[in-house]
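Q: Chains as they are written, first to last, in my numbering: chain A, 991 to 1142; chain B, 991 to 1142. Heads up, the beta-carbon is just placed ideally off N, CA and C, and yes, glycines get one too.
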DNA sequence: TCCTTTGCAGATAACGGTTATCAAGAAATA
DNA sequence: TATTTCTTGATAACCGTTATCTGCAAAGGA
């Protein structure tokens, strides 16, 4: 079952996050736990505002600052991937916290994470032609998702 | 001679920009002309502030707003490529105003534009695996440029 | 040539997501 | 229990960009 697989992966991601937080002796407050769960469980690359709204359903007094600070913590631990956009509409990926290509719908903003084979070759080609030592990348492909192609 | 080739390319780019501006019946003010020249002549992917400082050497009363408005005009004409970054350090490419891969030095911020062969294949692979209709992309590779590798 | 219209330049206020600051509270440590 | 350290929540500050407005200058028509 696909949903079972996903559930297992999410649980595994949460455990990974939790052990990293504990290993570095950061405190595991209820607010942090809630934010970690949201990030581990979401496939939708949520915004800070999305996360903030979700946390508030469980902890209504949570501040936006807490969300920002928890995300900063996870970035430091390399447990979340930040997809920053110039217009400020940043998104977060707690499931695959390493650089990978994205397909981004220019209309509904849905983001997909396909497995792509030839990224390493491309990275190597960049290294050869520029002399740069490539350590990470950001690969975004923009267009219309299948749903938005149908309804114009 | 490499410099001659580059000079010719820059001149050709400037002419291209000028005719686009004229075709659409936008006025060619001295400030606009200066900004177009800067963009056509620069290989360094300047920031708005860079452009602003350069224009002011010729027209000291130029306003930042004029730089922003001229860039907005060129974006509308697809005659400049905006490389927006989430931290606000945006850069502009007046020489190659179409999507292409960049190598970006994380230390000195130097940007290179190598010719890469396999971008179309990658785009096609994205299309196949996501169902998105890819219309443009943004491909950034980050690392240390040759100069910054030498001096630690 | 004069006049009207339109567009542009310059100055500055407003905007908005993020970061910094700080007081109050809670958890760890002694 | 006392003390230290960390975290939360609220809000001010930040800063590149955008919006607004006034005055000016070029284009086009009588």
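Tell me residue 1124/B's beta-bridge partners as DSSP assigns them.
A: Residue numbering aside, residue 1124/B sits at position 134 when the second chain is read from its first letter. In DSSP, residue 1124/B forms a bridge with 1133/A.
Q: Are the segment 1117 to 1135 of chain B and the segment 1085 to 1096 of chain A touching, with three or more C-beta to C-beta distances below 8 Å?
A: Enough Cβ pairs lie closer than 8 Å, so yes.
Q: Report the residue ranges of all alpha helix (DSSP H) runs contained in full by the segment 1011 to 1089 of chain B; include only those spanning at least 4 residues, in chain order.
A: Listed in chain order, they are 1020 to 1031, 1038 to 1048, 1054 to 1066.
Q: Determine whether the Cβ of residue 1001/B lies closer than 9 Å to any Cβ atom of chain A.
A: Numbered from 1 along the second chain, position 11 holds the residue referred to as residue 1001/B. So, not an interface residue.
Q: Spell out the partners DSSP gives residue 1102/A in its beta bridges.
A: The sequence position of residue 1102/A within the first chain is 112, counting from 1. Per DSSP, 1093/A.
Q: Please report the Cβ distance between residue 1010/A and residue 1030/A, rounded to the nearest whole angstrom; I am assuming they are in contact, meaning their Cβ atoms lie under 8 Å.
A: Numbered from 1 along the first chain, position 20 holds the residue referred to as residue 1010/A. Numbered from 1 along the first chain, position 40 holds the residue referred to as residue 1030/A. At roughly 12 Å, the Cβ-Cβ gap does not stay under 8 Å, so residue 1010/A and residue 1030/A are not in contact.
Q: Could you round the C-beta distance between residue 1122/A and residue 1135/B to whole angstroms and report it? I think they count as a contact, below 8 Å.
A: Counting from one through the first chain, the residue named residue 1122/A turns up at place 132. Counting from one through the second chain, the residue named residue 1135/B turns up at place 145. Rounded, the Cβ-Cβ distance is 6 Å, consistent with contact.
Q: Taking its Cβ as the centre, do 16 or more other Cβ atoms sit within 10 Å of residue 1018/B, making it buried, or is it exposed?
A: On the second chain, position 28 is the one that residue 1018/B refers to. Exposed, because fewer than 16 other Cβ atoms sit within 10 Å of the Cβ of residue 1018/B.
Q: Closer than 9 Å between beta carbons: that is the criterion. Which residues of the segment 1109 to 1125 of chain B meet it against chain A?
A: Per Cβ criterion, the list reads 1109, 1111, 1112, 1113, 1115, 1116, 1117, 1118, 1119, 1120, 1121, 1122, 1123, 1124, 1125.
Q: What is the rounded straight-line gap between the Cα of residue 1045/A and the Cα of residue 1027/A?
A: Here residue 1045/A is taken as the residue at index 55 of the first chain, counted from 1. Here residue 1027/A is taken as the residue at index 37 of the first chain, counted from 1. Each residue's alpha carbon lies about 10 Å from the other.
Q: Put residue 1107/B into one of helix, strand or coil per three-state DSSP.
A: As a working note, residue 1107/B is residue 117 in the second chain. In the structure shown, residue 1107/B sits in coil (DSSP, three-state: anything other than H, G, I, E or B).
Q: List the residues of chain A that residue 1127/B touches, going by C-beta distances under 7 Å, in chain order.
A: Walking along the second chain from the start, residue 1127/B turns up at place 137. Within 7 Å Cβ-Cβ: 1130, 1131, 1132.
Q: Identify, in the order they occur along the chain, each residue of the same chain with its Cβ nearer than 6 Å to the Cβ of residue 1064/A, setting aside the five sequence neighbours on each side.
A: Here the question's residue 1064/A lines up with position 74 in the first chain. So the list reads 1070, once near-sequence residues are dropped.
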